[in-house]
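Undergrad:
Protein chains in written order, with the working numbering: chain A, 1 to 478; chain B, 1 to 87.
Here it is, written out as structure tokens:
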């Protein structure tokens, strides 16, 4: 007799990876359910509103949306390309150091020219490395697979400031200093999120998860929000379903975890179903750092700086040495940040415009006792002081100030230590198959930034696509 | 420790590749082509190379990477590298 299942596939977590995976499975006709612990979908790609100001919780922009880019391809497949209105900043990013301001443009040639103008002695090398990162095929990129991103920079450049600027992009977007980060991951991140970055959905970052969730429902998939998966049901070495916190058991032929991998293997799956050495491996691996964010709400009726008159992505480095910048991060005294600002019209008061400013930097979780109110206030003040190097008197304009510490990020997403990018993309951990997307347990798969591949919205979306494809291939073989 | 070539090398290589590209080892035949049959994208190609190097503690020469187009070629390359390491 055929076994009874409630669903073909259950996905734990409605972040971008889980949503994309769910859409592909539902599109192929599989009965699909996503269980999300929060009341809304999106994970790190969510946005929220307070006192009329809308803020992006964590992720601030999209990348890989050029025609044929990873995210573009997924939106095309899911027939969402025309439904998600996206604009692109020009410049995509402005990088400010103590002695220069440099722009990353939408067109690679313009970016190359901009960097050549600032670093004329490195003219030829800039063109070579930037073109290599943006355009080279992968066998060429794989030449540097055993090198760190710093070693790659040292091969190409002599100018320390130039190396610091490029190194900071990796520190900022991967959370690791260039002398620890894999050069392949560094190149991919710069290619997909910096050179092809600066895209922004018209209705904030939340628009992306929202449209994916809407598409999933159109494709007859289901989402249960505000429901937590307590256990994954394993029988005879196979994943068979999940038990929710309210005790409800839901059976499914496939389980896809798009949530924190430690929570999955150390809490949701009973000990007897996992080999001890695997549990030890998981606990011994290095997560990426977390982030600290300050959200400021500003009314435009105030006499505000011209810097706030248009939407922006600004990266600030307050030191000219990458080691100093990394030291500042690990000592919780960050000397770099990303400032994003967005203007929106307040519908209730047409004369007003609301400006939402977000200041974000990488930091370490330490432990849940570390982030006391005093520490959070001090960290926020430090970040605002850094922000004021870009926009003088920023704090005076703000009528609303909110913060998110690593503990808040951990609570929001369940990511271990509030990790921003899943596993740390070190040389040792990159492509080290300790947590393959195909797990040791039959019919249990991993997706998202804990599945041991590159992190970032476009990459995790691609992981979701890969897992869906793998399951659909398995179905076809039956 | 002597660098012994594992008896089940073929299975191990297939399992490693299958894990990266999310297929079953049984789907992989020596003549299976990474690009045409498995639609391996370029990022996964690097992941396969790195995973093989880490698992077998070998180093694949850069000029050899673009030449690997089938499972059989990948296997031959691993064998060759392990033989060389043994010498």
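We put the beta carbon where it would ideally sit given N, CA and C, even for glycine.
Exposed or buried, which one is residue 277 of chain A when buried takes at least 16 other CB atoms within 10 Å?
TA: Start at 1 with the first residue of the first chain, and residue 277 of chain A comes out as number 277. Result: exposed.
Undergrad: Once you ignore the five residues that flank residue 443 of chain A on each side, which residues in its own chain have a CB closer than 6 Å to its CB?
TA: In the first chain, the residue the question calls residue 443 of chain A occupies position 443. Contacts found: 238, 239, 254.
Undergrad: List the DSSP bridge partners of residue 358 of chain A.
TA: Translated into positions along the first chain, residue 358 of chain A becomes position 358. Answer is A:295, A:340.
Undergrad: Distance check for residue 341 of chain A and residue 298 of chain A, CA to CA, integer angstroms please.
TA: As a first step, residue 298 of chain A must be located in the first chain, where it is residue number 298. As a first step, residue 341 of chain A must be located in the first chain, where it is residue number 341. Each residue's Cα considered, the two are about 10 Å apart.
Undergrad: Can you name the residues that DSSP bridges to residue 55 of chain A?
TA: Translated into the one-based positions of the first chain, residue 55 of chain A becomes position 55. Looking at the DSSP assignment, residue 55 of chain A forms a beta bridge with A:48.
Undergrad: Any contact of the segment 400 to 407 of chain A with the segment 14 to 28 of chain A, i.e. 3+ C-beta pairs under 8 Å?
TA: no
Undergrad: Please report the distance separating the alpha-carbon of residue 361 of chain A from that of residue 450 of chain A.
TA: Taking the first chain and counting its residues from 1, the one referred to as residue 361 of chain A is at position 361. Taking the first chain and counting its residues from 1, the one referred to as residue 450 of chain A is at position 450. Between residue 361 of chain A and residue 450 of chain A, the C-alpha separation is close to 21 Å.
Undergrad: Check the C-beta distance from residue 19 of chain B over to residue 438 of chain A and give it rounded, since I have them as a contact under 8 Å.
TA: As a first step, residue 19 of chain B is located in the second chain; it is residue number 19 there, counting from the start. As a first step, residue 438 of chain A is located in the first chain; it is residue number 438 there, counting from the start. A Cβ-Cβ distance of about 5 Å is found for the pair residue 19 of chain B and residue 438 of chain A, placing them in contact under the 8 Å criterion.
Undergrad: Residues of chain A with CB closer than 8 Å to the CB of residue 49 of chain B, please, in chain order.
TA: Taking the first residue of the second chain as 1, we reach residue 49 of chain B at position 49. Those are 142, 145, listed as they occur along chain A.
Undergrad: Pair every Cβ in the segment 150 to 160 of chain A with every Cβ in the segment 109 to 124 of chain A, then say whether three or more of these pairs are closer than 8 Å.
TA: yes
Undergrad: Quick one: which residues of the segment 323 to 347 of chain A get their C-beta closer than 8 Å to a C-beta of chain B? List them in chain order.
TA: none
Undergrad: Mind reading off the beta-carbon distance from residue 363 of chain A to residue 289 of chain A? Whole number of angstroms is fine, and I expect it under 8 Å.
TA: Taking the first chain and counting its residues from 1, the one referred to as residue 363 of chain A is at position 363. Taking the first chain and counting its residues from 1, the one referred to as residue 289 of chain A is at position 289. Right, their Cβ atoms sit about 6 Å apart.
Undergrad: Please report whether the beta-carbon of residue 107 of chain B lies at a distance below 8 Å from any beta-carbon of chain A.
TA: With chain B covering 1 to 87 only, the question about residue 107 of chain B has no answer from this structure.
Undergrad: Report the rounded CA-to-CA distance for residue 76 of chain A versus residue 136 of chain A, giving the unit in angstroms.
TA: Residue mapping note: residue 76 of chain A aligns to position 76 of the first chain, counting from 1. Residue mapping note: residue 136 of chain A aligns to position 136 of the first chain, counting from 1. Roughly 24 Å separates the two Cα atoms.
Undergrad: The segment 461 to 473 of chain A: which residues have C-beta closer than 9 Å to a C-beta of chain B, in chain order?
TA: Residues passing the 9 Å Cβ filter: 462, 466, 467, 469, 470, 471, 473.
Undergrad: Hey, is residue 43 of chain B's beta-carbon within less than 8 Å of any beta-carbon in chain A?
TA: Here residue 43 of chain B is taken as the residue at index 43 of the second chain, counted from 1. By this cut-off, residue 43 of chain B is an interface position.
Undergrad: Going by other Cβ atoms of all chains shown within 10 Å of its Cβ, with 16 needed for buried, is residue 91 of chain A buried or exposed?
TA: Working through the first chain from its first residue, we reach residue 91 of chain A at position 91. Counting the other Cβ atoms within 10 Å of the Cβ of residue 91 of chain A gives 16 or more, which makes it buried.
Undergrad: Under the assumption that residue 44 of chain A contacts residue 61 of chain A (Cβ atoms under 8 Å), give the Cβ distance between them as a whole number of angstroms.
TA: Counted from its first residue, the first chain places residue 44 of chain A at position 44. Counted from its first residue, the first chain places residue 61 of chain A at position 61. Contact doesn't hold; Cβ gap of about 12 Å is too wide.
Undergrad: Does the beta-carbon distance from residue 181 of chain A to residue 194 of chain A come in below 8 Å?
TA: For the purposes of this step, residue 181 of chain A is taken as residue 181 along the first chain, with counting starting at 1. For the purposes of this step, residue 194 of chain A is taken as residue 194 along the first chain, with counting starting at 1. No, these two residues do not count as a Cβ contact at 8 Å.
Undergrad: Specify, as a first and last residue, the run of the beta strand (DSSP E) that residue 111 of chain A falls within.
TA: Residue mapping note: residue 111 of chain A aligns to position 111 of the first chain, counting from 1. No beta strand (DSSP E) holds residue 111 of chain A; the alpha helix (DSSP H) holding it covers 108 to 118.
Undergrad: So, with DSSP's three-state summary, where would you put residue 401 of chain A?
TA: For the purposes of this step, residue 401 of chain A is identified with residue 401 of the first chain, where counting begins at 1. Note: residue 401 of chain A maps to strand in three-state DSSP.
Undergrad: Name the DSSP beta bridge partners of residue 445 of chain A, please?
TA: The residue given as residue 445 of chain A occupies position 445 in the first chain. Its beta-bridge partners are A:256, A:438.
Undergrad: Within the 8 Å Cβ cut-off, does residue 188 of chain A reach chain B?
TA: Taking the first residue of the first chain as position 1, residue 188 of chain A is located at position 188. Yes - at least one Cβ of chain B is within 8 Å of the one on residue 188 of chain A.
Undergrad: When the cut-off is 8 Å and only beta carbons count, does residue 22 of chain B lie next to chain A?
TA: As a working note, residue 22 of chain B is residue 22 in the second chain. At least one chain A Cβ lies under 8 Å of residue 22 of chain B.
Undergrad: Would you kindly work out how many angstroms separate the C-alpha atoms of residue 15 of chain A and residue 415 of chain A, rounded to a whole number?
TA: Walking along the first chain from the start, residue 15 of chain A turns up at place 15. Walking along the first chain from the start, residue 415 of chain A turns up at place 415. If you take the alpha carbons of residue 15 of chain A and residue 415 of chain A, they lie about 12 Å apart.
Undergrad: Can you give the Cα-Cα distance for residue 315 of chain A and residue 55 of chain A, rounded to whole angstroms?
TA: Position 315 of the first chain holds residue 315 of chain A. Position 55 of the first chain holds residue 55 of chain A. Going from the Cα of residue 315 of chain A to the Cα of residue 55 of chain A covers about 18 Å.
Undergrad: Between residue 65 of chain B and chain A, is there a C-beta pair that is closer than 8 Å?
TA: For the purposes of this step, residue 65 of chain B is identified with residue 65 of the second chain, where counting begins at 1. Interface residue, yes.
Undergrad: How do the segment 24 to 35 of chain B and the segment 61 to 79 of chain B stand: do at least 3 beta-carbon pairs fall below 8 Å, yes or no?
TA: yes
Undergrad: Residue range of the alpha helix (DSSP H) that residue 218 of chain A falls in?
TA: The residue you call residue 218 of chain A lines up with position 218 of the first chain. In the DSSP annotation of this structure, the continuous segment of the alpha helix (DSSP H) that includes residue 218 of chain A starts and ends at 207 to 218.
Undergrad: Could you tell me which residues DSSP pairs with residue 160 of chain A in its beta bridges?
TA: Residue numbering aside, residue 160 of chain A sits at position 160 when the first chain is read from its first letter. Beta-bridge pairing links residue 160 of chain A to no other residue.
Undergrad: Assign residue 210 of chain A to buried or exposed, taking buried as 16 or more other Cβ atoms, counted over all protein chains shown, within 10 Å of its Cβ.
TA: For the purposes of this step, residue 210 of chain A is identified with residue 210 of the first chain, where counting begins at 1. The residue in question, residue 210 of chain A, is buried, as its Cβ has 16 or more Cβ neighbours within 10 Å.
Undergrad: Got a sec, what are the start and stop residues for the alpha helix (DSSP H) residue 225 of chain A sits in?
TA: Numbered from its first residue, the first chain carries residue 225 of chain A at position 225. It is not in any alpha helix (DSSP H) - residue 225 of chain A carries neither H nor E in the DSSP assignment.
Undergrad: Just verifying my parser: in three-state terms, what is the DSSP assignment at residue 285 of chain A?
TA: Within the first chain, numbered from 1, the residue matching residue 285 of chain A stands at position 285. Three-state result, residue 285 of chain A: coil.
Undergrad: If you draw a straight line from the alpha carbon of residue 165 of chain A to that of residue 8 of chain A, how long is it in whole angstroms?
TA: Stepping through the first chain from its first residue, residue 165 of chain A is reached at position 165. Stepping through the first chain from its first residue, residue 8 of chain A is reached at position 8. If I take the Cα positions, the gap works out to 48 Å.
Undergrad: Check each candidate in A:67, A:213, A:417, A:454 and name the one with the smallest Cα separation from residue 429 of chain A.
TA: Walking along the first chain from the start, residue 429 of chain A turns up at place 429. Of A:67, A:213, A:417, A:454, the residue nearest in Cα terms is A:454.
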